[in-house]
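Protein chains in written order, with our numbering: chain A, 1226 to 1550; chain B, 62 to 368.
For each residue, glycine too, the CB sits at the ideal point set by N, CA and C.
What follows is a single structure, written as structure tokens, with notes after it.
Spelled out as structure tokens, the structure:
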């Protein structure tokens, strides 16, 4: 039994051990603190100056990472809270991502920017967001997210293998959950790098849900309630790569598709998934793809108010029931 | 702070032919670009370094092949002083075959060997700090050209802080021409660059001269220290931009443009050694004329066809 944060920590240890060209930079990442969420614990003790606690300078941290990548090494940059990646927007979008192609030939920029995301922890408006949507459609930039089903070491290898900068989102509540565990009702398998979570032995589901790593457990809770209380069978697809949207398996005969996204409404990842699916599923869909997002509002600090803004299991269940009614 | 370059006087150090060629190549290249713009054959924009050519020419002899050079929007001189390849640069600017970066980057986005330019102010300094972190201890350094206007960007301060904290070989060359696009330094910068460097514990060296030999002599031991210690260094050149920010957008009063012209190295080096200067001046002017004719006749660059 391994918590997601421990799994990530082990993956970083393995990566830095096996590849001496990997550097890790971020605020408070060094021991004994080991990062705000302890994901980098033990790394500075083992790997010395390849791991650096930095000043509070998200833009320059991303830029230094890009510089190390440009100079032939690889860099992992930790943004303490994903909200702060806004401070690194220029370095990521105008330099690191564009450099892969604006010089007229492919320039490898092996840079991974890790961003702890998400709310339901009472941290308030500037420490709880899912900023994925702000980075969709940036040429040269790929977006990935940690899930409980994907091996983090393989994801790091994939991201570095792309030779272009990647943002890697890690939900802060997911850190506390176990790897490779689902609800007792459901099992999962990886199909083309997309985790497919389904009811064992069930036929065609009433609804196929698509979501990102941070929402897996809330979505599973909704699926359980939908099954036991509403007699609706759902299947769940969880891609680790968010953008470009990968091919999602087995949707050809889907009765209904619902995309669940923790980002705030408006210009969302969910809409991007739907855009990718419509041409493929047009003519077979009985109704428009349902998009479920957090509300168009800041994320309040008080838990009872925060709950109302973010996507929750009950709001997913209500949306699926309404769509199928 | 109002910047005034040293008053016009004869250079004390004679230039060798290579330096003179380099200075005049850049001068004629930039003049040719403004001419091409007037003819309407260049697209987009360009930022010429007329009057500032001596800065990269001075530095070129102090830089090694394994140094990494970061340049900015006003980077043609930085490039030509390091890589005398006017064909490749003009082809890039004109989007013609043989372009350094396939015509994708254009005037402001060049990556060739260990030379890289970007068009966003201050963006290069954190990247240069990262490269310098990798180069530390090898004897090589990262050199980044910025302007006085660049000091408005927070990225500069974040990078200087890290560069000093981590003792990386970063040479920041400030071309302080007293004007940021159309805004005089006095209206956009409080305090001084020297005090900014001091605040980060970074060595600062002010250059008022336009004499290549004299500046080089003063800088050589400082640049050696950047490599050996290693440590960052800010070298601030008080210089003048003779031409407009880009093309035809000079709003400075005539007396100020005249003052800039009086500080130009061109006439002084011409007076100091008239016969040799005239010969090399003609040679480089004709070279650039040939480059313009040849590159203009080339077909358009195709993506993926970078030199």
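query                                                                                                                                                                                                           : result
What's the call for residue 1341 of chain A, buried or exposed, on a 16-neighbour Cβ count within 10 Å?                                                                                                         : buried
If we count Cβ pairs, one from each stretch, closer than 8 Å, do we get three or more for the segment 1310-1322 of chain A versus the segment 1388-1399 of chain A?                                             : yes
Might you give, ordered along the chain, the residues of its own chain that have their beta carbon closer than 6 Å to the beta carbon of residue 1211 of chain A, omitting 5 neighbours on each side?           : The shown model of chain A, from 1226 to 1550, leaves out residue 1211 of chain A, and the question about it has no answer.
Strictly by DSSP, which residues pair up with residue 1228 of chain A?                                                                                                                                          : A:1403
With the cut-off set at 8 Å, would you say residue 1462 of chain A and residue 1435 of chain A are in Cβ contact?                                                                                               : yes
Kindly indicate which three-state DSSP category residue 264 of chain B falls into: helix, strand or coil?                                                                                                       : strand
Quick one: list the residues of chain B neighbouring residue 1422 of chain A, beta-carbon separation under 7 Å, in chain order.                                                                                 : Residues of chain B passing the Cβ test: none, with the nearest at roughly 40 Å.
Comparing alpha-carbon positions, which option in B:119, B:236 and B:303 lies nearest residue 281 of chain B?                                                                                                   : B:119
Closer than 9 Å, Cβ to any Cβ of chain B: which residues of the segment 1292-1303 of chain A, in chain order?                                                                                                   : 1292, 1293, 1294, 1295, 1296, 1297, 1298 and 1300
Report the neighbours of residue 1319 of chain A on chain B: residues whose CB is nearer than 7 Å to its CB, in chain order.                                                                                    : 181 and 184
Using a Cβ-Cβ cutoff of less than 7 Å, which residues in the same chain neighbour residue 200 of chain B once the five nearest sequence positions on both sides are dropped?                                    : 288
Can you check whether the CB of residue 1289 of chain A is closer than 8 Å to the CB of residue 191 of chain B?                                                                                                 : yes
Contact check, residue 98 of chain B vs residue 140 of chain B under 8 Å by CB: the rounded distance?                                                                                                           : Not quite, the Cβ-Cβ distance comes to about 18 Å (not below 8 Å), so this is no contact.
If you reduce the DSSP assignment to three classes, tell me which class residue 206 of chain B lands in.                                                                                                        : strand
Using only the alpha-carbon positions, how far apart do residue 303 of chain B and residue 1353 of chain A sit?                                                                                                 : 51 Å
Identify the continuous beta strand (DSSP E) that holds residue 1342 of chain A and give its terminal residues.                                                                                                 : 1336-1342
What residues in the segment 115-132 of chain B have a beta carbon less than 8 Å from any beta carbon of chain A?                                                                                               : 129
Ignoring anything shorter than 3 residues or poking outside the segment 1273-1303 of chain A, list the beta strand (DSSP E) runs there in chain order.                                                          : 1276-1278 and 1299-1303
So, at 6 Å on beta carbons, what are the nonlocal neighbours of residue 1337 of chain A in its own chain, with the 5 sequence-adjacent residues on each side left out?                                          : 1301, 1384, 1391 and 1393
Buried or exposed: where does residue 102 of chain B fall if 16 or more other Cβ atoms within 10 Å of its Cβ makes it buried?                                                                                   : exposed
So with CB distances below 7 Å, who are the chain B contacts of residue 1241 of chain A?                                                                                                                        : The contacting residues do not exist; residue 1241 of chain A stays about 16 Å from chain B at best.
The alpha helix (DSSP H) spanning residue 140 of chain B covers which residue range?                                                                                                                            : 137-143
How close, in whole Å, do the beta carbons of residue 1226 of chain A and residue 1403 of chain A come, if the pair is a contact with beta carbons under 8 Å?                                                   : 6 Å
By the criterion of Cβ-Cβ separation under 7 Å, what are the contact partners of residue 192 of chain B in chain D?                                                                                             : Protein chains in the displayed structure are A and B, and chain D is not among them.
I need the straight-line Cα distance from residue 233 of chain B to residue 1472 of chain A, nearest angstrom please.                                                                                           : 47 Å
Mind pulling the chain B residues with CB within less than 9 Å of residue 1282 of chain A?                                                                                                                      : 187, 215, 216, 218, 219, 220, 222 and 223
How would you write the range of the beta strand (DSSP E) that residue 1464 of chain A sits in, first residue to last?                                                                                          : 1459-1464
Could you check whether the segment 126-146 of chain B touches the segment 214-226 of chain B, counting it as contact only if at least three pairs of C-beta atoms, one from each stretch, sit closer than 8 Å? : no
Over the uninterrupted alpha helix (DSSP H) stretch that includes residue 329 of chain B, give me the two end residues.                                                                                         : 326-333
Pick out the complete beta strand (DSSP E) segments inside the segment 180-230 of chain B, 3 residues or longer, and give them in chain order.                                                                  : 203-208
Inspect the beta-carbon positions of residue 1518 of chain A and residue 1500 of chain A and report whether they are closer than 8 Å.                                                                           : no
List, in chain order, every chain A residue whose beta-carbon is nearer than 8 Å to that of residue 160 of chain B.                                                                                             : 1329
Are residue 163 of chain B and residue 358 of chain B close, meaning C-beta to C-beta below 8 Å?                                                                                                                : no
How would you call residue 207 of chain B, buried or exposed, if buried means at least 16 neighbouring beta carbons within 10 angstroms?                                                                        : buried
Grab me the residues of residue 1381 of chain A's own chain with a C-beta within less than 7 Å of its C-beta, minus the 5 sequence neighbours each way, in chain order.                                         : 1236, 1240 and 1337
With distances taken Cα to Cα, identify the nearest neighbour of residue 210 of chain B among B:186, B:188, B:185 and B:242.                                                                                    : B:242
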